[in-house]
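Peer 1: This structure is in structure tokens; I'll ask about it shortly.
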Amino acid sequence: MDARKYLGRFGLHGDLALQPVKFLSGGQKSRLAFAELAWSSPHIMLLDEPTNHLDLETIEGLAMALNKFEGGVVLVSHDDRLVSMVADELWVVTPGPSKEIPGRVTVFEGSFEEYREMLRSEFIDKNLTSGGRIKRKT
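Per full-length UniProt numbering, residue 1 is the first one in the sequence shown, and the count goes up by one each step.
Written out as structure tokens, the structure is:
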């Protein structure tokens, strides 16, 4: 496959694919990094909080790259924007009652929006909200 065509799959179209890396934005560099990773044709990628310290453009570039990726992706993230853009299936990790007793992983049967609404309702039921915002423990 032509390198420019390949980079175009990750949002690096036209002359952008010819730019030196130092002139690319953060989001474009992220797309390039994922293009390079995908070039090695892994069957699966494991990503743990990949949006830490990324701006919105970079997160969107990451989402674009993940959606183009043909293998499997296991994504651990608290970034609801990224999860809503890329997740096909939502696995919920529930901690165990102690370090000695493990938690569990379940597949949520519904959309990410339904999961978010379920959590919002639980927070309201437990009076963990204040004026539409989640109360933080200090």
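A virtual CB, placed ideally from N, CA and C, is assigned to each residue, including glycine.
For S30 versus G61, is the C-beta spacing smaller than 9 Å?
Peer 2: S30 is a Cβ neighbour of G61, given a cutoff of 9 Å.
Peer 1: Looking only at its own chain, which residues have a Cβ that is under 8 Å from the Cβ of V83, when we skip the five neighbours before and after it?
Peer 2: L75, S77, L90, F112
Peer 1: First and last residue of the beta strand (DSSP E) that includes D2?
Peer 2: Premise fails: D2 is in no beta strand (DSSP E) and is neither H nor E.
Peer 1: Kindly indicate which three-state DSSP category G96 falls into: helix, strand or coil?
Peer 2: coil
Peer 1: Beta-carbon within less than 6 Å of T129's beta-carbon, same chain only, minus the 5 sequence neighbours each way: which residues are those?
Peer 2: Non-local beta-carbon contacts of T129 in its own chain, meaning distances under 6 Å to residues more than five positions away in sequence, involve F123 in chain order.
Peer 1: Does the Cβ of I59 have 16 or more other Cβ atoms within 10 Å, making it buried, or fewer, making it exposed?
Peer 2: buried
Peer 1: Taking V107 as the reference, which of L37, E57, A87 has the closest Cα?
Peer 2: A87
Peer 1: Enumerate in chain order the residues of its own chain whose CB-to-CB distance from P95 is below 6 Å, with the five nearest sequence positions on each side excluded.
Peer 2: Taken in chain order, the residues that qualify are G103.
Peer 1: Which whole-angstrom value is the C-beta distance of I101 and G71, which I expect to be below 8 Å?
Peer 2: Contact doesn't hold; Cβ gap of about 34 Å is too wide.
Peer 1: Beta-carbon separation of K68 and A38 under 9 Å?
Peer 2: yes
Peer 1: Assign A35 to buried or exposed, taking buried as 16 or more other Cβ atoms, counted over all protein chains shown, within 10 Å of its Cβ.
Peer 2: With 16 or more other Cβ atoms within 10 Å, it is buried.
Peer 1: When you compare the CB positions of G26 and L54, do they come within less than 9 Å of one another, or not?
Peer 2: Taking 9 Å as the Cβ cut-off, G26 and L54 qualify as a contacting pair.
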